[in-house]
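Visitor: Read in order, the letters of the sequence shown correspond to residues 155 to 367 in our numbering.
A virtual CB, placed ideally from N, CA and C, is assigned to each residue, including glycine.
Structure provided below as structure tokens; questions to follow.
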Amino acid sequence: MKVSSRILMLRICLLLLSVVSINVFAVTEAVDIYSDQQLISLIRSNQYLQRVKADDCQLVQDIEARAEVLQQPMYQFLWGEMLNNGVCVKAHPSRGMALLQTSAEQGSAEAMVKLADYYYRGKLVIKDPNRAVQYVLPAAANGDLTARMTLVRLFGEGYGSPADYELGYHWLYNSIFDDDAQQKKASSLLQMLAAKMPASIVARAQQPQLYKR
């Protein structure tokens, strides 16, 4: 074989080797762990479980460690929901719900809202919308908009204490909304709750500052 032919064959072999190496790297490339802000965004768009599956379940051990060992609230939420729904792991609802509870106790509004949703729908637990109110109330008080909308919806459906209706109305009425669709939904919920309140109380609840007499 001529020298030039050998050089050509060598170049072809090197080229094929580089292509194989690139493909192997692409398949095995590690997925970065999610930041808290990424998780909040995924949770609020209800895409968090889909994201874990889309990442081929590569982060299961990292998620578990951050939830169980480091006890990070957002990862307690994610790991709890993976256990509740059997995503990338065997379903274990009792452990999953306990993790959501711990996340809520550490101040996670997302966990409070999720627990409220479980009790409202009666999924994995006995249906108890009044307990749902108890879970979502602290998150609403701390300014979480989803929690405020959930709370007003629950009040409008007749759950919770009527003594709290004015406060729930006040919080949502004076909230800032991300878009017109969100504002329209809030207005509809407020209208439903207003029908259960005296006009004078509604007018008072609409003020920037709430002064109860």
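#1: Just to confirm, are Thr302 and Ser329 a CB contact at a threshold of 8 Å?
#2: Looking at the ligand ZN, does it come within less than 7 Å of Lys277, judged from the CB to the closest heavy atom?
#3: Using the C-alpha atoms, what's the distance from Leu224 back to Ile202?
#4: Let me check understanding here. Comparing Cα to Cα, which of Ala265, Ala295 and Met251 lies closest to Asn200?
#5: Taking the alpha-carbon positions, what's the Ala221 to Gln191 distance?
#6: What would DSSP say about Tyr365, mapped onto helix, strand or coil?
#7: Assuming Ile194 is part of the alpha helix (DSSP H), what are its boundary residues?
#8: Expressed to the nearest angstrom, what Euclidean distance is found between the alpha-carbon atoms of Trp325 and Leu278?
#9: Excluding the five sequence neighbours on either side, which residues of its own chain have a C-beta within less than 7 Å of the C-beta of Gln361, listed in chain order?
#10: Going by beta-carbon coordinates alone, are Leu269 and Leu291 separated by less than 8 Å?
#11: According to DSSP, simplified to helix, strand and coil, what is Tyr313?
#12: Between the Cα of Tyr289 and those of Ala258, Arg249 and Thr300, spot the shortest distance and give me the residue it belongs to.
#13: With DSSP collapsed to three states, give me the class of Val206.
#14: How big is the Cα-Cα spacing for Leu299 and Ala263?
#15: Excluding the 5 residues preceding and the 5 following Val214 in the sequence, name in chain order all residues of the same chain whose CB lies nearer than 7 Å to its CB.
#16: Go through its chain and collect everything with a Cβ distance to Gln377's Cβ below 8 Å, but skip five positions before and after it.
#17: If you drop the 5 nearest sequence neighbours on each side, which residues of the same chain put their C-beta closer than 8 Å to that of Gly312?
Guide: With the given structure in hand:
#1: As a first step, residue 302 must be located in the sequence shown, where it is residue number 148. As a first step, residue 329 must be located in the sequence shown, where it is residue number 175. Note that residue 302 is Arg in the sequence shown, not Thr. Closer than 8 Å, so yes.
#2: Ligands in the displayed structure: none, and consequently the ligand ZN is not present.
#3: In the sequence shown, counting from the first residue as 1, residue 202 sits at position 48. In the sequence shown, counting from the first residue as 1, residue 224 sits at position 70. It is worth fixing the name first, because residue 202 is Tyr in this sequence and not Ile. Computed Cα separation, rounded: 20 Å.
#4: Position 46 of the sequence shown, counted from the start, is the residue given in the question as residue 200. Taking only the C-alpha atoms, the option nearest Asn200 is Ala265.
#5: Taking the sequence shown and counting its residues from 1, the one referred to as residue 221 is at position 67. Taking the sequence shown and counting its residues from 1, the one referred to as residue 191 is at position 37. Their backbone Cα atoms lie some 16 Å apart in a straight line.
#6: In the sequence shown, counting from the first residue as 1, residue 365 sits at position 211. Of the three classes helix, strand and coil, the one that applies to Tyr365 here is coil, per DSSP.
#7: Counting from one through the sequence shown, the residue named residue 194 turns up at place 40. From DSSP, the alpha helix (DSSP H) with Ile194 extends over Asp190 to Arg198.
#8: The residue you call residue 325 lines up with position 171 of the sequence shown. The residue you call residue 278 lines up with position 124 of the sequence shown. Answer to the nearest angstrom: the Cα atoms are 30 Å apart.
#9: Your numbering for residue 361 matches position 207 in the sequence shown. Excluding residues within five positions, none has a Cβ falling inside 7 Å.
#10: Residue numbering aside, residue 269 sits at position 115 when the sequence shown is read from its first letter. Residue numbering aside, residue 291 sits at position 137 when the sequence shown is read from its first letter. Not a contact, by the Cβ cut-off of 8 Å.
#11: Here residue 313 refers to the residue found at position 159 when the sequence shown is read from its first residue. DSSP places Tyr313 in coil when its eight states are reduced to three.
#12: Residue 289 sits at position 135 when you count from the first residue of the sequence shown. Among Ala258, Arg249 and Thr300, the Cα nearest to that of Tyr289 belongs to Ala258.
#13: If you number the sequence shown from 1, residue 206 lands on position 52. It is helical.
#14: Your numbering for residue 299 matches position 145 in the sequence shown. Your numbering for residue 263 matches position 109 in the sequence shown. So the alpha carbons of these two residues sit roughly 10 Å apart.
#15: Looking up residue 214 in the sequence shown gives position 60. Excluding positions up to five away in sequence, the list reads Cys242 and Val243.
#16: Past the edges of the chain, shown from 155 to 367, lies residue 377, and the structure says nothing about it.
#17: Translated into the one-based positions of the sequence shown, residue 312 becomes position 158. Here the set comprises Lys350.
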